[in-house]
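Peer 1: Below you'll find the structure I mean.
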Amino acid sequence: MKVDGRHYRSIWRDQERDRVRIIDQRWLPHEFRIAELDSLDAFATAIRDMWVRGAPLIGATAAYGIAVHMTSDARDASLEEAGKVLFETRPTAVNLRWAIDRCARILEPLPERERAGAAMRLADEIADEDIEINRRIGVHGLEIIRQIARTRPDGEPVRVLTHCNAGWIATVDWGTATSPMYQAHDAGIPVHVWVDETRPRNQGALTSWELGSHGISHSYIVDNAGGHLMQRGLVDLVVTGTDRTTADGDVCNKIGTYLKALAAHDNGVPFYVALPSPTIDWTVRDGVQEIPIEERDGSEATHVMGLSADGSLGQVQVSPKGAESANPAFDVTPGRLVSGLITERGVCEASRTGLARLFPEFDAPSRAAVRDG
Ligand code: MRU
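My numbering numbers the first residue of the sequence shown as 21 and each following residue consecutively.
What follows is the structure, given as structure tokens:
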């Protein structure tokens, strides 16, 4: 998408120098900075410390990390080390494992001298595929928005609530949850987005920055406002992203998503999840029991970063000094609370049969059965 009129991806390769660049998200929405990643350590730090974030972008970044590491050392041990170091950065988004496994599967059989070139091409392919997947999610999600638009009074926007940032900077481009919003806006369907702030990391500020840059009407709201807005009939649908969805349709996403799903269920508001297929974990069924939930440093909850009146960026403490904090970063919404999964192949029920219908080649029931012996 565009920043100040210029098209960017969230991660890209400088073709001339074979260097990988990212939008460094630590500074957004206040400053737009670009960083260059040139070593395995730099890639691992960028994922762990959230210079890049969002499940699809984490996967693409890992693929580029392996590729850059292969340019300095392409031995078997080095390939294995790259996978291990990157895998340990963040536990929840399954796209990380998906990308690492895909790289290993393709690079391992190759002779060492071919690995660096093949790894770069593969990382580019993963990035390009992500863009196309998200574009298609937008096409299917647009139909949902279009249908709701027909029920709205003339000229009145479709009011969509979203949580966290499942936008273009959480992917390589387009975003997952935002792709239908961008496509609806471009098709002339008015939308208004309720943007959850998403404490503690305030990814809603990123969503607000993105939507604002694209001219999409939105309101930045505190996380606790969603239930109230739904009770008042001010939300037509909820669309979120996901970091890992199980073969049975349980959706793991940013902490607070579950509460939004409960409120949507209670108020009869459709709750959709934008789901690219690399985010499906076909090896697990019960999201609550089986998905590892990242616990991040408590300082993310006790402190916030922001812009002060004099224009300087800084951190302030919001809790009492020394207060203990717990900071689980994700939660799981059972499939029964999800109205539908918007995938690149269409919309399906959040269930094993729903997913298996769209992705028969993964044969979800029998894979899960194999795992269970
Ligand atoms: O901790 P983050 O910012 O990486 O979490 C991001 C989310 O939870 C997103 O909603 C999810 O990855 C979907 S991104 C298209």
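Cβ coordinates follow ideal geometry from the N, Cα and C atoms, glycine included.
Just checking residue 193 against the ligand MRU - is the residue's beta carbon closer than 7 Å to any of the ligand's heavy atoms?
Peer 2: Residue 193 Cβ: outside cutoff for every heavy atom of the ligand MRU.
Peer 1: Using three-state DSSP, classify residue 278 as helix, strand or coil.
Peer 2: Three-state result, residue 278: helix.
Peer 1: Would you say residue 274 and residue 309 are within 8 Å of each other, going by their C-beta atoms?
Peer 2: Cβ distance not < 8 Å, so residue 274 and residue 309 don't count as in contact.
Peer 1: Enumerate in chain order the residues of its own chain whose CB-to-CB distance from residue 118 is below 7 Å, with the five nearest sequence positions on each side excluded.
Peer 2: So the list reads 79 and 298, once near-sequence residues are dropped.
Peer 1: Look at the alpha carbon of residue 290 and the alpha carbon of residue 258, and state the distance between them as a whole number of angstroms.
Peer 2: One C-alpha to the other measures close to 6 Å.
Peer 1: So, helix, strand or coil for residue 237, using DSSP?
Peer 2: The answer is strand: DSSP assigns residue 237 an E or B state.
Peer 1: Leaving out five residues on either side along the sequence, give the residues of the same chain with a beta carbon under 7 Å from the beta carbon of residue 218.
Peer 2: Correct list, in chain order: 183, 184, 224, 243, 274 and 276.
Peer 1: Which residue marks the beginning of the beta strand (DSSP E) containing residue 90, and which one marks its end?
Peer 2: Segment 75–92 is the alpha helix (DSSP H) holding residue 90; no beta strand (DSSP E) there.
Peer 1: Looking only at DSSP bridge pairs, what is residue 366 linked to?
Peer 2: Answer by DSSP bridge pairing, in chain order: 363.
Peer 1: Residue 22 bridges to which residues according to DSSP?
Peer 2: Answer by DSSP bridge pairing, in chain order: 27.
Peer 1: Please name the residue, chosen from 122, 55 and 189, that lies closest to residue 77 on a Cα-to-Cα basis.
Peer 2: Per the Cα distances, 189.
Peer 1: Please name the residue, chosen from 186, 368, 350 and 348, that lies closest to residue 356 on a Cα-to-Cα basis.
Peer 2: The residue with the shortest Cα to Cα distance from residue 356 is 368.
Peer 1: Report yes or no: do the region 56–75 and the region 94–106 share at least 3 C-beta pairs separated by less than 8 Å?
Peer 2: The answer is yes - the region 94–106 touches the region 56–75, with three or more Cβ pairs under 8 Å.
Peer 1: Using C-beta distances below 6 Å, list every residue in its chain close to residue 44, excluding the 5 sequence neighbours before and after it, in chain order.
Peer 2: Cβ within range, chain order: 53, 55 and 71.
Peer 1: Quick one: give me the first and last residue of the beta strand (DSSP E) that residue 315 is part of.
Peer 2: Here residue 315 belongs to no beta strand (DSSP E), and DSSP marks it neither H nor E.
Peer 1: With residue 267 and residue 304 assumed to form a contact (beta carbons below 8 Å), what rounded beta-carbon distance in angstroms separates them?
Peer 2: Between residue 304 and residue 267 the Cβ distance is about 7 Å, and since that is below 8 Å, they are a contact.
Peer 1: If you measure from the CB of residue 196, is any heavy atom of the ligand MRU nearer than 7 Å?
Peer 2: Indeed, a heavy atom of the ligand MRU lies less than 7 Å from the Cβ.
Peer 1: Looking only at DSSP bridge pairs, what is residue 372 linked to?
Peer 2: Its beta-bridge partners do not exist; DSSP assigns none.
Peer 1: Taking only heavy atoms of the ligand MRU into account, decide whether any of them is closer than 7 Å to the Cβ of residue 221.
Peer 2: Residue 221 Cβ: within cutoff of the ligand MRU.
Peer 1: Could you give the DSSP three-state label for residue 323: helix, strand or coil?
Peer 2: Note: residue 323 maps to strand in three-state DSSP.
Peer 1: With a 10 Å radius around its C-beta and 16 neighbouring C-beta atoms as the bar for buried, classify residue 22 as buried or exposed.
Peer 2: With fewer than 16 other Cβ atoms within 10 Å, it is exposed.
Peer 1: For residue 393 and residue 383, what's the separation of their Cα atoms in angstroms?
Peer 2: Because residue 393 carries a pLDDT of 42, less than 50, the predicted location of this residue cannot be relied on, and the following value inherits that uncertainty. Residue 393 and residue 383: Cα-Cα distance of roughly 16 Å.
Peer 1: Counting along the chain, where does the alpha helix (DSSP H) carrying residue 68 start and finish?
Peer 2: That run of the alpha helix (DSSP H) goes 60–68.
Peer 1: Should residue 263 be listed as close to the ligand MRU, given that the test is whether its C-beta is under 7 Å from any heavy atom?
Peer 2: Yes, since a heavy atom of the ligand MRU falls inside the 7 Å radius drawn around the Cβ of residue 263.
Peer 1: Would residue 358 and residue 370 be called neighbours here (beta carbons separated by less than 8 Å)?
Peer 2: Yes, the Cβ-Cβ distance between residue 358 and residue 370 is below 8 Å.
Peer 1: Considering only C-alpha positions, which residue in the set 220, 173, 241 and 236 is nearest to residue 214?
Peer 2: Taking only the C-alpha atoms, the option nearest residue 214 is 241.
Peer 1: Restricting to Cα atoms, I'd like to know which of 331, 375, 181 and 212 is closest to residue 302.
Peer 2: Closest option to residue 302, Cα to Cα, is 375.
Peer 1: Should residue 341 go down as buried or exposed, given a rule of 16 or more other Cβ atoms within 10 Å for buried?
Peer 2: Under this definition residue 341 is an exposed residue.
Peer 1: Would residue 238 and residue 205 qualify as a contact pair, given that the criterion is a beta-carbon distance under 8 Å?
Peer 2: No, the pair does not count as a contact, with Cβ atoms beyond the cut-off.
Peer 1: Locate the alpha helix (DSSP H) running through residue 41, then write down its first and last residues.
Peer 2: Taken as a continuous stretch (DSSP letters only), residue 41 belongs to no alpha helix (DSSP H), being part of the beta strand (DSSP E) at 39–43.
Peer 1: Could you tell me the alpha carbon to alpha carbon distance between residue 361 and residue 295, rounded to whole angstroms?
Peer 2: Straight-line Cα distance between these residues: approximately 6 Å.
Peer 1: How about residue 256 and residue 178: do their beta carbons lie closer than 8 Å?
Peer 2: The answer is yes: Cβ separation under 8 Å.
Peer 1: Could you tell me whether any non-hydrogen atom of the ligand MRU is closer than 7 Å to the CB of residue 186?
Peer 2: Residue 186: yes, Cβ under 7 Å from the ligand MRU.
Peer 1: For residue 122, tell me which candidate among 134, 112, 139 and 111 has the shortest Cα-Cα distance.
Peer 2: Considering only alpha carbons, the answer is 139.
Peer 1: Let me make sure I understand the geometry here. Which of 83, 75 and 46 has the alpha-carbon closest to that of residue 63?
Peer 2: Nearest C-alpha to residue 63: 83.
Peer 1: Mind the definition here: the region 224–235 touches the region 83–93 only if three or more C-beta pairs lie below 8 Å; say whether that holds.
Peer 2: In short, these stretches do not touch, since the Cβ pair count stays below three.
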